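Below is one structure, written out as structure tokens, with a few remarks after it.
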Amino acid sequence: MTKSLHFRHSLVAATSVAALAAAFPASAQDNDVSLATAGMSNAPMAGSIDVSIGDDPYSPGIITRDDIDPNADNPDGSLDIDGVNGIGQMIVWNGGGSVGLCTGTLINPRTVLLAAHCVNSRPQEAYGADTGGTPIGFGFEQNARPGAISWINSGFDTVEGRSFYNVDYLWYDERSLEFGFLEADIALATLDTPAFDVPTWAMLFTPLDQQEHVTISGYGGAGTNALGNQGIDFRRRSAENFVSFLGSLDDYDEGIFGSRSGLEQNLYWTSFTDPDGIYDVSQLRLDFGVFGTDDVSLPREGTTAGGDSGGPLILDEKYDLDLVLGVLSGGGSIFGSTAFGDAYGSYSFYQPLHAFWQVIVANNPYVYATTKGGNGEWTDPGHWVQAMDPNYYVALDGELINRLPDAPGAELSGEGAKYGQICGIELNFPFLQTGECQEFDQDPIVGATGDQYFVEGGPGSENFVPDNYSGDVVNRIKPRYYDVTLYEGITTLSDAEITIDRLTMEGGVLDIEESGSLTTLGDWTQITGWTNVDGTLSTGEAFLLTGLLSGTGTFETPFFTSVAGIVAPGGADRIGTLTIDGNAILASGSALYIDADRSGADTLAVTGVLSLSDPNDPDAPGASVVFNKPIGGKAPKPRDGDAFVIATADGGVQGTFGQVYSFQGVLRPELSYTDTSVIAELRAGKFVEIIGRNNPTARAFASALDQLRSSSYNDLYNLYGTFDLLEGANLTNALASLAPRINDDASLLQEQQASMLFDNVTDRLSLMGSQDTGTLSVAGSLRGLVGSDRETSPAVRNGFANLAPDRQQELALPEGFTGFVSSGTFASHNSGGATGNLDDRQQGRYVGMGIEHEVAERLTVGVGYGYASGLANSGFDTAESEVNQVAAYGSYRLDDGAYVGLAANYQMARTQTLRFGSDGFGEYNLEGDRSSERMSAVAETGINVPVSDGLTLTPRAQLAYNRTSLDGFAETGGETALAIDDFATSEVQARLGAKLAGSQDLGNGWTFVPQMQANYVRILDGAQDGMTVRFAAASDVPILLPLANGDSNWAEVKGGVSVTRGLVRFGAGFETDIGRDAVRNDRAVADINIRF
């Protein structure tokens, strides 16, 4: 070796022009290589390919330590075992069998990041086979050679099966032309086909601040420190290293030679460190530790060389996510000889992404798009905003953040972060280490503490429509490819054909109208949200995790998979067919929702195979099918026995549905299967199984309808058609509404009428024989005999007229005779209790009279007659009742004011009812006319106790027997009309209480008139259980309904007082029942009357 060496560093670009050669290429002198390609067709380029190797003064690839085998897999060797991992080999077809080779990194499905010097020997517009330019492509398999051959032989078409992708647009930083590869050495290649199956790499846009562990990778020639370059074999290799220095070429020169040459741009640097730590130029051990003592050799230490240019510098241990820091530009050795470029002590340098991040963002053709959140048209540019690229990262306080930096990168300037040291040597033989190192430390200008720096065309950009555009190579208009994610709002696509790369639903609604067409070259994925397809949606594989897919259009996809989603052909409130042009898998957590009416049902039409469960496992859970509530509108609703085809599959149906649910009331779909279809037939279940247990009336009608279905379905056709589709509480209420409630109200009205009349008679039992004879007592007003039942007087209308007593008038009768005339009005709630409608009540008028004669000492007998008319209202239903009553009664006076009495009465009543009925298809007036009889007998004993002048307190006990018989009748009207059987009820009733009555002169012309009574009532026998009704149109099944007045004991309190002087009267009264649910009389009044 001579003592004089050229020790100024020789920078050699890491590109190479090599051969598509066999596994062991020839040496550098073998410029013509023949590659036999067995099995190729006779198409152009088939048979053999002659490839020339151009001048390559520096052609080693990933060069490793001597103990690493370049032809063995990691970790013992340097061969990458990751398969397709997003790092690819660039191949430029130069023509004539010559190719240019580099390495690149996929940063999104369309874009490869590489070095500008790999391609800047030609103008940017010169590339692209699709436009007649120089073909360029990337192969991502670990061995890119088979893919490259397929690409060439196909005429430069993308070969997805070999992960080899053609480039149709290229951009590089033209500032790289000045120095070739030393500065601004950044380029982006756009693939003509999205590489969805190839992993993409995240990038770090903020600088490191210290030495870190990295991985280096590329497709260059292989070798070791001792072996040197063994040639390029198209296989990807990797090694580890430290990125030990961040600084410029000028910083490097200054540290070694003490001078600067104007190359200020900062670079990331690695070195090939000797594991033995020996530096001895005489032994050609040339690693003098240029980056300091911390830069030690690693177990899988390696460096880069020809063919690795454009490859990534990967930060692999600092964070949980691997990140690309830089793009390989070149390397070399200060000792200058080509032979030393792959030896210990050589170095490599990378373009730092943080210096050019804004350039990368501005020229990245891939757009992650989303909406601004509101509703809008897909074709409205104002509807969209560019989202953050998921591969853009910054570091802040030791954490990674998916965002942009807060300032632009330094690009070619020397500003921004620096770290590390350069250690020098003496500049004469034997070039000993000086032991001096120059530190470089400079603050970054790119960080993440401030707001994101906006780059036009990058995240945050607006005024665009997501629709793929392949660019204009000649006029240098860059492509735009879109990955769309919807989160909220409604996006409508109509009157347009749109193509994008990928679509993800994470909320919101996508509505593709009939005139709209959306093509997604990649997958359609719905995490949640709603996609409605009335037009056409064409995608790669389709994956529905949750949410809704609906519509009447066509979904073109090779495979549609629903995990826990809802597939609803047609959509909300409409029936239709949703076509899946491909295969469909409905997993056990998914559901098919079906709407149906008499004309048909929703259908899921699959052109391929429809898989519902594992056909080989009968116990495998299947998807669910759900029949929705009947849709609105006038379309006839589905009925018992209707059958529908709900799914078809041209390629066959595999498995069965696991669960079947129905919101069609009592109708339940029963499924059957053919080879290519699923059929649902609606079968009625039992009404009593789906209604509540706390409504005996509803359950009675439910049981009857269940029994009548087989024999009388046509007779009650409309009724079944409506009730079959009702659910839960709605069904319970509808069934209960069939009951003739107005008949209950009519019975209660008659009870009230009878009570008003007969109570006048029984009240006489304590008075008979105690009054002066020859008198007729008149109480109340004869207005009760005349006028309409709808009298507008408030007192009459509310039944208050008889609560506050007047002084009784006494008229003359023959000696030995007494009598009474009583009249008044009454009103009370109907059987449904109080409502907000004042018309929902019972009201009526009555008049009663009697004449008594003392037939023997202490024995007085009498006869009486009463008449009452009344009206009961309940909603749209009414009942009008007339009652005629005759009575015979007598009282025997005992000593000291005691008495015993007997009374009997006979009553005839006629009631006309008018009910409103509906069967869901029509509305009807249901008319009824019934007659009834009532016989009552009362035995009473009591004692009249004077409490003051004119006032008497009468404790009394009473035993009564009542028997009521009702003639049967049938309503006329629609299907809800009822026939009511004859029925009779009887009861024995005991009453214990007291009354206070009379009048007292208060002086000064004022008179006090009280009339009060309180009783405890108990039914001793014969509490009413119910009445039997039938459907008039289907009378085979009796229906036992409970009656309203089924109370067994209660208390009743009634009283009133008045104070009168001349023409002025003040009065107050009340009446109430305590502990009575079926019938209540709750009234109160206070009034002032002045007579004129």
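Numbering (mature numbering (1 follows the signal peptide of the UniProt record, and there is no 0)), first residue to last: -28 to -1, 1 to 1064.
Ideal placement from N, C-alpha and C gives every residue a C-beta, glycine not left out.
Please read all numbers here as calculations on a predicted model, not as lab measurements.
Query raised in the report: What's the C-alpha gap between V650 and E513?
Result: Cα to Cα, the separation comes out at about 24 Å.
**Report entry** Run of the beta strand (DSSP E) containing G76, from where it starts to where it stops
**Finding:** According to the DSSP assignment, G76 belongs to the beta strand (DSSP E) that extends over S70 to N80.
Query raised in the report: Which of the three DSSP states, helix, strand or coil, is assigned to I1011?
Result: DSSP places I1011 within a strand segment (E or B) once states are collapsed to three.
Query raised in the report: In chain order, what residues of the same chain lie with their CB nearer than 8 Å to the CB of residue 1120, ignoring the 5 residues before and after it?
Result: There is no way to answer for residue 1120, as the model of the chain reaches only from -28 to 1064.
Query raised in the report: Got a sec: is the Cβ-Cβ distance from L86 to anything in chain D below 9 Å?
Result: Here chain D cannot be found, since the structure has a single protein chain.
Report task. Classify E398 as buried or exposed, calling it buried when 16 or more other Cβ atoms lie within 10 Å of its own Cβ. Result -> Answer is exposed; the Cβ neighbour count stays below 16.
Query - Proximal residues to M360 (C-beta, below 8 Å), its chain only, five neighbours per side dropped - result: Answer for M360: Y340, N374, R375, L376 and P431, listed in chain order.
Query raised in the report: First and last residue of the alpha helix (DSSP H) that includes L517?
Result: Counting along the chain, L517 falls outside any alpha helix (DSSP H), and DSSP gives it neither H nor E.
Query - Meets three-Cβ-pair contact criterion under 8 Å: the stretch 392 to 408 and the stretch 342 to 362 - result: When C-beta atoms of the stretch 392 to 408 are compared with those of the stretch 342 to 362, fewer than three pairs fall below 8 Å, so the two segments do not count as touching.
Query raised in the report: So, helix, strand or coil for L300, using DSSP?
Result: If DSSP states are grouped into helix, strand and coil, L300 belongs with the strands.
Query raised in the report: Between I952 and V1001, which are expected to be in contact by the criterion C-beta below 8 Å, what is the C-beta distance as a whole number of angstroms?
Result: So it is a contact: roughly 5 Å between Cβ atoms.
Requested in this report: Locate the beta strand (DSSP E) running through N845, then write down its first and last residues.
Outcome: DSSP places N845 in the uninterrupted beta strand (DSSP E) bounded by L831 to S846.
Query raised in the report: Whole-angstrom Cβ separation of P610 and D569, contact assumed at under 8 Å?
Result: Yes, they are in contact, since the Cβ atoms of P610 and D569 sit about 6 Å apart, within 8 Å.
Query raised in the report: Under the DSSP definition of a beta bridge, which residues are partnered with D45?
Result: According to DSSP, which records beta bridges pairwise, D45 is partnered with L51.
Query - Under the three-state DSSP convention, the category V819 falls into - result: If DSSP states are grouped into helix, strand and coil, V819 belongs with the strands.
Query raised in the report: Which word fits G836, buried or exposed, when buried means at least 16 other C-beta atoms lie within 10 angstroms of its C-beta?
Result: Buried, by the Cβ-count rule.
Requested in this report: Can you tell me which of the three DSSP states Y692 falls into?
Outcome: Here Y692 sits in helix by DSSP.
Query raised in the report: Can you tell which of E826, S634, W241 and T1032 has the C-alpha that lies nearest to the C-alpha of L974?
Result: Looking only at E826, S634, W241 and T1032, the smallest Cα-Cα distance to L974 is reached by T1032.
Query - Alpha carbon of A840 to alpha carbon of E905, nearest angstrom - result: So the two alpha carbons sit approximately 14 Å from each other.
Query raised in the report: If you pair each beta-carbon of the stretch 195 to 214 with each one of the stretch 363 to 371, do three or more pairs fall below 8 Å?
Result: Not touching, per the Cβ criterion.
Query - Outcome for M62 when other beta-carbon atoms lying within 10 angstroms are tallied against a minimum of 16 - result: Classification of M62: buried, given that the 10 Å Cβ count is 16 or more.
Requested in this report: Have a look at S937 and S727 and give me their C-alpha separation to the nearest angstrom.
Outcome: S937 and S727 have their C-alpha atoms some 17 Å from each other.
Report task. Spell out the partners DSSP gives H185 in its beta bridges. Result -> Beta-bridge analysis with DSSP links H185 to F214.
Report task. Within the same chain, show all residues whose beta-carbon is closer than 7 Å to that of D27, passing over the 5 residues directly before and after it, in chain order. Result -> Because D27 sits at a pLDDT of 30, beneath the cut-off of 50, its placement in the model cannot be relied upon, and the point is left open.
Query - DSSP-derived helix/strand/coil call for E705 - result: According to the sequence displayed, residue 705 carries Asn and not Glu. In the structure shown, N705 falls within a helical segment according to DSSP collapsed to helix, strand and coil.
Query raised in the report: Would a C-beta distance cut-off of 9 Å place D954 and G940 closer than the cut-off?
Result: Cβ distance < 9 Å, so D954 and G940 count as in contact.
**Report entry** Ranges of the beta strand (DSSP E) found wholly within the stretch 452 to 530, counting only runs of at least 3
**Finding:** Listed in chain order, they are 453 to 458, 462 to 465, 468 to 472, 474 to 484, 488 to 492, 496 to 505, 508 to 510, 514 to 516 and 520 to 523.
Query raised in the report: According to DSSP, what are the bridge partners of C409?
Result: Answer is C395, bridged to C409.
Query raised in the report: Roughly how many angstroms separate the alpha carbons of L521 and A676, rounded to a whole number?
Result: Approximately 42 Å, taken between the alpha carbons.
Query raised in the report: Which two residues bound the contiguous alpha helix (DSSP H) that contains N335?
Result: For N335, the enclosing alpha helix (DSSP H) has its first and last residue at L325 to N335.
Report task. Below 8 Å on the Cβ atoms is my guess for G623 versus G594; work out the distance and round it to an integer in Å. Result -> No, G623 and G594 are not in contact; Cβ-Cβ is about 18 Å, not under 8 Å.
**Report entry** Delimiting residues of the beta strand (DSSP E) encompassing L142
**Finding:** Segment F136 to Y144, the beta strand (DSSP E) holding L142.
Query raised in the report: Taking the C-alpha atoms as reference points, what is the distance between L149 and I34?
Result: Taken atom to atom, the span from the alpha-carbon of L149 to that of I34 is near 26 Å.
Query raised in the report: Would DSSP call Q237 helix, strand or coil?
Result: In this structure, Q237 counts as coil in the three-state DSSP scheme.
**Report entry** Nearest residue (CA-CA) to F403, options F229, D314 and A911
**Finding:** Cα-wise, what sits closest to F403 is F229.
Requested in this report: Apply the 10 Å Cβ neighbour rule to F426 and answer buried if 16 or more other Cβ atoms are within range, or exposed otherwise.
Outcome: Looking at its Cβ environment, which holds fewer than 16 other Cβ atoms inside 10 Å, F426 is exposed.
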